[in-house]
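Chains as they are written, first to last, in my numbering: chain A, 18 to 145; chain B, 18 to 145; chain C, 18 to 145; chain D, 18 to 145. Positions of the beta carbon are idealized from the N, C-alpha and C atoms, including for glycine. All of these numbers come straight from a predicted model, not from anything done at the bench.
Protein chains: 4
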Amino acid sequence: MATVSRYVDISTVDKEAKKDYIDRHSPFVYCEGNAKKGEKFQVRVQMGKEYKHPDDFDHYISYIQLFDGETLLGQATYMAGAQGSAPANAEVIFTIVPTRKHLKLTAMSYCTKHGLWESDPVEVDVAE
Amino acid sequence: MATVSRYVDISTVDKEAKKDYIDRHSPFVYCEGNAKKGEKFQVRVQMGKEYKHPDDFDHYISYIQLFDGETLLGQATYMAGAQGSAPANAEVIFTIVPTRKHLKLTAMSYCTKHGLWESDPVEVDVAE
Amino acid sequence: MATVSRYVDISTVDKEAKKDYIDRHSPFVYCEGNAKKGEKFQVRVQMGKEYKHPDDFDHYISYIQLFDGETLLGQATYMAGAQGSAPANAEVIFTIVPTRKHLKLTAMSYCTKHGLWESDPVEVDVAE
Amino acid sequence: MATVSRYVDISTVDKEAKKDYIDRHSPFVYCEGNAKKGEKFQVRVQMGKEYKHPDDFDHYISYIQLFDGETLLGQATYMAGAQGSAPANAEVIFTIVPTRKHLKLTAMSYCTKHGLWESDPVEVDVAE
């Protein structure tokens, strides 16, 4: 079955190559901690924090998805070479419109060589 | 985190509503058991076997992906209403070109109300 | 602006390189001439008829869309290397459910080097 | 064939309904006028400037693409209901990495009822 890999705090990882591998494949979700119901709210998703991912023919980030719980809010799809064919931290900013009281945002991304990766969840309170 | 639900043999499930729920959300992979390296090979993915899925505004099948192990081979994306706004078994036939000795095909699909679902794997031997 | 290139009958084209260029970038729609309202109907889209398209890092078929008039029925998205990294005629079979009296099917595809290409339309009568 | 509609300056349009129709279906590209080669550059695409687009079952913005000339840089795909099921100006911010001397950015979007729409081009000079 298609494994979904998840981020592990790389400060707990010994080997440099493994830190690099985990970090560059992990999507990270960045946004304010509070949103307002029915109003636009920006959520930035970035691939990797300290390490960059290649943008090669057989090894590139093909898509980034943003979920609220089980609900997909949007998908950004990229072509090989979209990052200038150089190692990079791919990112996209989704503008969402919260309709529930609480958001539990996670990002899922797909690397063409190392499959699906999911971020830690980010919780957002939504005021009326 | 975004849960990936998986098919359970519905003959082992008691309640009719649960059989329906599981079956209509599960993608099934259909193909020959043998392929030839470098030659076109058709893989059909169908949503549900005995039950149909709604095609409503807040409840429809939004995409079907085909994986070989961890590798995404293709994604079919649909709009709300693509199944004629009536319950249906959405399906797509991907034509793939095997390059490895063995395929382990799984399908992943996304329902806008009940999230990600993954099929059982289907194994295919690839002759030179 | 993003140009949408269209198929030209290559028997009217002199130069071999141009025949190849046009044919391998053009999606072709294949299906029966008659469908039945509310019933599944298969539509095959194939890239190129007589010539194959490369599947290289900076030159591959990234997606194939199927339209009925102005309405998008589905999109198949591919990654670089999906055709085995060898020249091929990418294809996908969409199963659609007609709800109108008449279909006017066209396919639109995207090559990462040569942009958007659209097929000739294929007309289908839909019986009640 | 699938028509690609294009923005017309709505100050030249008489009827209010037509101003609304054109504006809410048109993607607009916003970014700085200068970028630097190999460095991240943010491009915001927003649907409509003065009017909002519905987010209904049979009438919603399904995707927004960003092109540089004929080259697709990224696609943001949405599900019905992604804008909170209320009229909205859908938007996405793509982070791109320019590799050429000049960018000619256009956005293409797809409304499930009124088809493909393309923005005016935005030119960006890219310094070494």
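Asked	Found
Is it right to say GLY50 (chain B) is buried, meaning 16 or more other beta carbons lie within 10 angstroms of its own, or is it exposed?	exposed
I want to verify the contact list: residues of chain C whose CB lies under 7 Å from the CB of THR94 (chain B), in sequence order.	GLY91, GLN92 and THR94
Taking CB distances under 7 Å as the criterion, tell me whether GLY101 (chain A) reaches chain D.	yes
Comparing alpha-carbon positions, which option in C:TYR47, C:ALA103 and C:MET125 lies nearest VAL139 (chain C)?	C:TYR47
Report the residue ranges of all alpha helix (DSSP H) runs contained in full by the stretch 20 to 50 of chain A; include only those spanning at least 4 residues, in chain order.	33 to 42
On the CB-based measure, 16 or more other CB atoms within 10 Å of its CB, does GLU33 (chain A) come out buried or exposed?	exposed
Alpha carbon to alpha carbon, how far is GLU108 (chain A) from GLN59 (chain D)?	10 Å
Just mark ASP40 (chain D) as buried or exposed, buried being the case when its beta carbon has 16 or more other beta carbons within 10 Å.	buried
Going by beta carbon distance, what residues of the same chain come within less than 6 Å of ALA93 (chain D), once the five residues before and after it are set aside?	ILE81 and VAL109
What in chain D is Cβ-close to ASP75 (chain B), meaning under 7 Å?	GLY98
For THR29 (chain C) and LYS35 (chain C), I'd like the C-alpha separation in whole angstroms.	11 Å
Name the chain D residues that come within less than 9 Å of SER79 (chain B), Cβ to Cβ?	THR94, MET96 and ALA97
Ignore the nearest five residues each way along the sequence and tell me which others in TYR77 (chain C)'s own chain have a CB closer than 8 Å to its CB.	HIS70, PRO71, TYR95, ALA97, GLY98, ALA99, GLN100, CYS128 and THR129
Buried or exposed, going by whether 16 or more other CB atoms sit within 10 Å of the CB of ASP85 (chain A)?	buried
What residue does the beta strand (DSSP E) around PHE58 (chain C) start on, and which one ends it?	58 to 64
What does PHE84 (chain B) reach in chain E if we use C-beta pairs closer than 7 Å?	Absence of chain E from the displayed structure is noted, the protein chains being A, B, C and D.
Roughly how many angstroms separate the alpha carbons of ARG23 (chain C) and PRO44 (chain C), rounded to a whole number?	9 Å
Can you tell me where the beta strand (DSSP E) with GLU108 (chain A) in it begins and where it stops?	108 to 113
Out of A:VAL143, A:SER126, A:ALA144 and A:GLU145, which has the shortest C-alpha to C-alpha gap to SER136 (chain A)?	A:SER126
Of the choices A:HIS131, A:ASP142, A:TRP134 and A:PRO104, whose alpha-carbon is the least far from that of VAL114 (chain A)?	A:ASP142
Assuming LYS53 (chain A) contacts ALA144 (chain A) under a Cβ cut-off of 8 Å, what Cβ separation, rounded to an integer in Å, is found between them?	5 Å
Which residues, in chain order, does the stretch 115 to 126 of chain D contribute to contact with chain B at a C-beta distance below 8 Å?	none
Identify the contact partners of VAL109 (chain C) in chain B, using a Cβ-Cβ distance below 8 Å as the criterion.	GLY91, ALA93, VAL109, ILE110, PHE111 and THR112
State yes or no: is the C-beta of PHE111 (chain D) within less than 7 Å of the C-beta of LEU89 (chain D)?	no
For the candidate residues C:ILE27, C:PRO104, C:TRP134 and C:LEU120, whose alpha-carbon lies nearest to that of GLU87 (chain D)?	C:TRP134
With which residues is ASP73 (chain D) paired in a DSSP beta bridge?	D:HIS76
Can you grab the Cα-Cα spacing for the pair SER102 (chain C) / SER79 (chain C), in whole Å?	13 Å
Measure the CB-CB distance between ALA124 (chain C) and VAL25 (chain C) and report whether it falls below 7 Å.	no
Which one or two residues does DSSP pair with LEU120 (chain D) in a beta bridge?	D:VAL141
Note down, in chain order, each residue of its chain lying with its Cβ closer than 6 Å to the Cβ of ASP151 (chain B), except the 5 sequence neighbours on either side.	One cannot answer for residue 151 (chain B) here, as it falls past the ends of chain B, which runs 18 to 145.
Use the C-beta contact count for HIS119 (chain C): other C-beta atoms within 10 angstroms, 16 or more gives buried, fewer gives exposed.	exposed
At a CB distance below 9 Å, what residues from the stretch 19 to 34 of chain B approach chain D? Give them in sequence order.	none
THR153 (chain D): which of D:ILE27, D:GLY55 and D:HIS42 sits nearest, CA to CA?	Nothing can be reported for residue 153 (chain D), as the shown portion of chain D is limited to 18 through 145.
GLU140 (chain A) CB to nearest chain B CB: under 7 Å?	no
In its own chain, which residues sit with a C-beta less than 6 Å from the C-beta of HIS131 (chain A), not counting the 5 before and 5 after it?	HIS42
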